[in-house]
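Peer 1: My questions all concern the structure below.
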Amino acid sequence: PRHNFPLIGFFLPVNRLNYYIIFLIILLKGVFEMSDQKPILPPKPGQVRVIKALYNYAAQAKDELSFDAGDILYLVDSTNKDWYTARCGSSVGLIPSNYVEEQTEAVPQPMHSACQYGNLTFLAELIDNKVSVNGLDAAGNTALHWASRGGHAECVRLLLMAKCDANAQNKSGDTALHLAAWKSHSAVVELLLFGDGAQVRTGVANASLSVKNRQGETPLAMAKDAEVKAALLRAARLLGRTTSATEVTYSDSDDGGDSD
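Set out below in structure tokens:
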């Protein structure tokens, strides 16, 4: 027997051809509906995508994430239009999409911005959210370059704990130690050289004394402050070497010690 199938105001006899037509109409309808939705694009390299919570939400299941109105959430996945996967602090879970802003914001080089302005809380969140500590800006600077240049010692400490590259060079050839020495930030220089209170006998903990920039300068050559110079010379003594790039050899008198 033949059966009729109601479709958009008229009836088509059900046979193989009409099944194909019905399937095609349903398929096209779905495509047009999807095209009306604006997809959330994945962030470009060096960017994170953040979204702001509009309301408080208490997790109703183990795989959900609790948050408060005003919290900044880091978007991990937005494939499901009703439930996003997001990160807040060290926690990851599902969040209802109608509890957050419709538009996400791509933050370019967020770690660099945090270090430039000494925003320790934001930097800690970025590290917790697995943002690379060795990303480069247009001038080849890492976040450590910015933290060191600005004298933000706590940011420097956090980056070193996250195992950033302490000897990365920017397009001018400067390392973070070059910039800290140039800007006379003695506390940062100490951190870069010796770590956090480490007693270094066989070599500096992190930053290298011997790296030269494109002008042929070592960090010591760029240092103007007496405390900074003393720290650099003390590191040279611990390494048992001369600072050959500036033709300066360490002696006890250089940092006020007793000479032989």
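Residue numbering for the sequence shown follows the UniProt record's numbering, beginning at 1 and increasing consecutively. Glycine included, C-beta positions come from ideal geometry on N, C-alpha and C. The structure presented is a predicted model; accordingly, all values stated were derived computationally and were not measured.
Determine the closest residue to F67 out of D165, V76, V100 and D77, with distance taken between C-alpha atoms.
Peer 2: For the purposes of this step, residue 67 is taken as residue 67 along the sequence shown, with counting starting at 1. It is V100.
Peer 1: For the pair the region 75 to 85 and the region 105 to 123, tell me if three or more CB-CB distances fall below 8 Å.
Peer 2: Touching, no.
Peer 1: Can you tell me where the beta strand (DSSP E) with S186 in it begins and where it stops?
Peer 2: Taking the sequence shown and counting its residues from 1, the one referred to as residue 186 is at position 186. First-last for S186: S186 to F194, but that is the alpha helix (DSSP H), not the beta strand (DSSP E).
Peer 1: Could you name the residues that DSSP lists as bridge partners for A53?
Peer 2: Here residue 53 refers to the residue found at position 53 of the sequence shown. DSSP output for A53 lists V100 as bridge partner(s).
Peer 1: For A86 and I51, which I take to be in contact (beta-carbon distance under 8 Å), what is that distance rounded to the nearest angstrom?
Peer 2: Within the sequence shown, the letter at position 86 stands for residue 86. Within the sequence shown, the letter at position 51 stands for residue 51. With 8 Å as the limit, A86 and I51 qualify as a contact, their Cβ atoms being about 7 Å apart.
Peer 1: Please indicate yes or no: does the CB of P110 lie closer than 6 Å to some heavy atom of the ligand NAP?
Peer 2: For the ligand NAP, the structure offers nothing, since it holds no ligand at all.
Peer 1: Can you look up L220 in the DSSP assignment and give me helix, strand or coil?
Peer 2: For the purposes of this step, residue 220 is identified with residue 220 of the sequence shown, where counting begins at 1. Here L220 sits in helix by DSSP.
Peer 1: Kindly identify the DSSP beta-bridge partner or partners of S91.
Peer 2: Sequence index remark: in the sequence shown, residue 91 carries index 91 (1-based). In DSSP, S91 forms a bridge with C88.
Peer 1: CA-CA distance, V92 and A114?
Peer 2: Taking the sequence shown and counting its residues from 1, one reaches residue 92 at position 92. Taking the sequence shown and counting its residues from 1, one reaches residue 114 at position 114. Cα to Cα, V92 sits roughly 22 Å from A114.
Peer 1: With burial defined as no fewer than 16 other Cβ atoms inside 10 Å of the residue's Cβ, what is the status of G240: buried or exposed?
Peer 2: The count along the sequence shown starts at 1 and reaches residue 240 at position 240. Classification of G240: exposed, given that the 10 Å Cβ count is below 16.
Peer 1: For the beta strand (DSSP E) that V76 lies in, which residues bound it at each end?
Peer 2: Within the sequence shown, residue 76 is the residue found at index 76, counting from 1. Where V76 is concerned, the enclosing beta strand (DSSP E) stretches over I72 to D77.
Peer 1: Find the nearest neighbour of L193 within the set V131, L209 and L179, judged by alpha-carbon distance.
Peer 2: Within the sequence shown, numbered from 1, the residue matching residue 193 stands at position 193. For L193, the nearest C-alpha among the options comes from L209.
Peer 1: The alpha helix (DSSP H) with E125 in it runs from where to where?
Peer 2: Residue numbering aside, residue 125 sits at position 125 when the sequence shown is read from its first letter. Its alpha helix (DSSP H) spans residues L120 to D128.
Peer 1: Could you give the residue range of the alpha helix (DSSP H) that holds L136?
Peer 2: Position 136 of the sequence shown, counted from the first residue, corresponds to residue 136. Careful: L136 lies outside any alpha helix (DSSP H) and carries neither H nor E.
Peer 1: Leaving out five residues before and five after H145 in sequence, what residues of the same chain have Cβ atoms less than 7 Å from its Cβ?
Peer 2: Taking the first residue of the sequence shown as position 1, residue 145 is located at position 145. These residues qualify, in order along the chain: N170, A176 and L179.
Peer 1: Nearest CA to the CA of G140: which residue from Q109, R237, Y84 and M222?
Peer 2: Position 140 of the sequence shown holds residue 140. For G140, the nearest C-alpha among the options comes from Q109.
Peer 1: So, for K229: in the same chain, excluding its five sequence neighbours on each side, which residues have a beta-carbon less than 6 Å away from its beta-carbon?
Peer 2: Counted from its first residue, the sequence shown places residue 229 at position 229. Closer than 6 Å at Cβ, skipping near neighbours: A223.
Peer 1: At the level of alpha carbons, what is the spacing between A58 and I95?
Peer 2: Numbered from its first residue, the sequence shown carries residue 58 at position 58. Numbered from its first residue, the sequence shown carries residue 95 at position 95. Roughly 10 Å separates the two Cα atoms.
Peer 1: Would you identify the three-state DSSP class for G240, choosing helix, strand or coil?
Peer 2: As a working mapping, residue 240 is identified with position 240 in the sequence shown. G240: coil per DSSP, three-state reduction.
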